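>
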Amino acid sequence: MAATPFSEIFDYADSMIGSADVNWLNSVVKLALSALLGSVIGYERKSKGQNAGVCTFSLISAGATLAMILSIYIPQEYLGLKNGDPGRIAAQVITGIGFLGAGTIIHMKGSIKGLTTAAGIWMMAMIGMAVGAGLYLIGIVSTILMLVIFIYFAGYEQHVNIGWKNKMIKLECDGLDFDSKQIAAIFFNQKIRIVDTFMKQDFASSATIVSYIVQMKADTDLLLLFKELNKIANVKAATLDSDFSI
1 MAATPFSEIF DYADSMIGSA DVNWLNSVVK LALSALLGSV IGYERKSKGQ NAGVCTFSLI
61 SAGATLAMIL SIYIPQEYLG LKNGDPGRIA AQVITGIGFL GAGTIIHMKG SIKGLTTAAG
121 IWMMAMIGMA VGAGLYLIGI VSTILMLVIF IYFAGYEQHV NIGWKNKMIK LECDGLDFDS
181 KQIAAIFFNQ KIRIVDTFMK QDFASSATIV SYIVQMKADT DLLLLFKELN KIANVKAATL
241 DSDFSI
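Here the UniProt record's numbering is used: position 113 in the sequence shown is 113, and no number is missing along the way.
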């Protein structure tokens, strides 16, 4: 059977896209696929109320893909480059994404909010690098895996912690002379789980703020809780902040 113009175009495109060498067609396909996969994950994160959404994840994925394309292109184009390390560009993506992910957590002032999104940002960069290396199927499967984790595993976590809310309790104390064991005992009696503890002290005024990330039931007797906290020596004020979510 004689080859048709369409079959010739298809064969040409297939050879270009599947080529290990960097060319304009497979680069465009890689960037487009990478941005698409990033937008899928970004949409899911945005639907959960996270700041990092479609634009952020698409840019991260496409940027990692571009870095991988450059890592492949440089040794192909500059054969006489003896001292260069073609893997250095891709390696720096991992470091840079680590700082970006850490920044999303620090922005939340040490709370657990944003931790899952930070892990997703790192994973999305790895997917972008995989697509940039020509591992299209691996990138697609990894994206599907991320969606399964975000949707179904998160639902399982909520089922395990059903009825529990993440909150922050801040205690303003006079200096460091306060009974932390008594505070822990009050939380235990009220069936409040302590997730993490943070402390800040003003050395000029000796005022100390102790912040507890806790999990509590919706029917917790807050009036009784504050009455018990009021009995602790050197605790001048107590504040209950709004919900925290991962």
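In this text, a Cβ means the ideal position worked out from N, Cα and C, and glycines have one as well. Bear in mind the structure is a predicted one, so any value in this text is a computation, not a measurement.
Looking at Q60: is its Cβ nearer than 8 angstroms to the Cβ of I149?
Within the sequence shown, numbered from 1, the residue matching residue 60 stands at position 60. Within the sequence shown, numbered from 1, the residue matching residue 149 stands at position 149. In the sequence as presented, Gln is not what sits at residue 60; that position holds Ile. Against a cut-off of 8 angstroms, the Cβ pair of I149 and I60 comes out as no contact.
> Is the beta carbon of V54 sitting closer than 8 angstroms to the one on S39?
Indexing the sequence shown from 1 puts residue 54 at position 54. Indexing the sequence shown from 1 puts residue 39 at position 39. Cβ atoms of V54 and S39: closer than 8 angstroms.
> If distances are taken between C-alpha atoms only, which option among T116, L115, G114 and I144 comes closest to I127?
Here residue 127 corresponds to residue number 127 of the sequence shown, with the count starting at 1. The option with the nearest alpha carbon to I127 is I144.
> Quick one: is the Cβ of F153 within less than 7 angstroms of any heavy atom of the ligand MN?
No copy of the ligand MN occurs in the structure displayed, which carries no ligand at all.
> Are S238 and L229 touching if we call contact CB-CB under 8 angstroms?
Counting from one through the sequence shown, the residue named residue 238 turns up at place 238. Counting from one through the sequence shown, the residue named residue 229 turns up at place 229. First, the residue type needs correcting, since residue 238 is Ala and not Ser in the sequence shown. A238 is a Cβ neighbour of L229, given a cutoff of 8 angstroms.
> So L31 and T56 are in contact, right, with Cβ under 8 angstroms, and what is the actual spacing, rounded?
In the sequence shown, the residue the question calls residue 31 occupies position 31. In the sequence shown, the residue the question calls residue 56 occupies position 56. The Cβ separation is near 16 angstroms, so there is no contact.
> Taking the C-alpha atoms as reference points, what is the distance between M199 and L171?
Taking the sequence shown and counting its residues from 1, one reaches residue 199 at position 199. Taking the sequence shown and counting its residues from 1, one reaches residue 171 at position 171. M199 and L171: Cα-Cα distance of roughly 10 angstroms.
> Put K217 into one of helix, strand or coil per three-state DSSP.
As a position in the sequence shown, residue 217 is number 217, starting the count at 1. K217 falls in the strand class under three-state DSSP.
> Mapping DSSP to helix, strand and coil, what is N234?
Numbered from its first residue, the sequence shown carries residue 234 at position 234. Three-state result, N234: coil.
> With A198 as the anchor, note down where its beta strand (DSSP E) starts and where it stops.
Taking the first residue of the sequence shown as 1, we reach residue 198 at position 198. The sequence shown places Phe at residue 198, rather than the Ala named in the question. From DSSP, the beta strand (DSSP E) with F198 extends over R193 to D202.
> Compare the C-alpha of L147 against each of D21, M168, Y43 and V22 and name the closest.
For the purposes of this step, residue 147 is taken as residue 147 along the sequence shown, with counting starting at 1. Per the C-alpha coordinates, the member of D21, M168, Y43 and V22 positioned closest to L147 is Y43.
> Kindly indicate the opening and closing residues of the beta strand (DSSP E) around residue 247.
Nothing about residue 247 can be reported from this structure: the residues present for the chain run from 1 to 246 only.
> So, for A233: in the same chain, excluding its five sequence neighbours on each side, which residues have a beta-carbon less than 8 angstroms away from its beta-carbon?
The residue given as residue 233 occupies position 233 in the sequence shown. So the qualifying residues of the chain are D177, F178 and D179.
> Compute the beta-carbon to beta-carbon distance between A118 and A102, rounded to the nearest angstrom, for a pair I have assumed lies under 8 angstroms.
Numbered from 1 along the sequence shown, position 118 holds the residue referred to as residue 118. Numbered from 1 along the sequence shown, position 102 holds the residue referred to as residue 102. Indeed, because the Cβ distance is near 7 angstroms, the residues count as touching under 8 angstroms.
> Within its chain, find whatever has a CB closer than 7 angstroms to the CB of F226; leave out the 5 residues flanking it on each side and keep chain order.
Translated into positions along the sequence shown, residue 226 becomes position 226. Only A238 meet the Cβ criterion.
> Need the endpoints of the alpha helix (DSSP H) that I151 sits in, please.
Here the question's residue 151 lines up with position 151 in the sequence shown. Careful: I151 lies outside any alpha helix (DSSP H) and carries neither H nor E.
> Whose C-beta lies closer than 7 angstroms to the C-beta of A90 among residues of the same chain, with five residues either side of it excluded?
Your numbering for residue 90 matches position 90 in the sequence shown. A67, M68, S71 and M129, listed in sequence order.
> In terms of residues, what are the limits of the alpha helix (DSSP H) holding K30?
Against the sequence shown, residue 30 aligns to sequence position 30. From DSSP, the alpha helix (DSSP H) with K30 extends over W24 to S47.
> Short check: CB of I213 to CB of V195, under 8 angstroms?
Working through the sequence shown from its first residue, we reach residue 213 at position 213. Working through the sequence shown from its first residue, we reach residue 195 at position 195. Yes, the pair counts as a contact, with Cβ atoms nearer than the cut-off.
> Counting only runs that start and end within the stretch 92 to 146, where is the alpha helix (DSSP H) found for 4 or more residues in a row?
115 to 132
> Assign K109 to buried or exposed, taking buried as 16 or more other Cβ atoms, counted over all protein chains shown, within 10 Å of its Cβ.
Here residue 109 corresponds to residue number 109 of the sequence shown, with the count starting at 1. Its pLDDT being 49, under 50, K109 is placed unreliably in this model, and the coordinates cannot settle the point.
> By Cβ distance, which residues of its chain are closer than 8 angstroms to L222, with the 5 residues on each side in sequence left out?
Residue mapping note: residue 222 aligns to position 222 of the sequence shown, counting from 1. Excluding residues within five positions, the ones whose Cβ falls inside 8 angstroms are L240.
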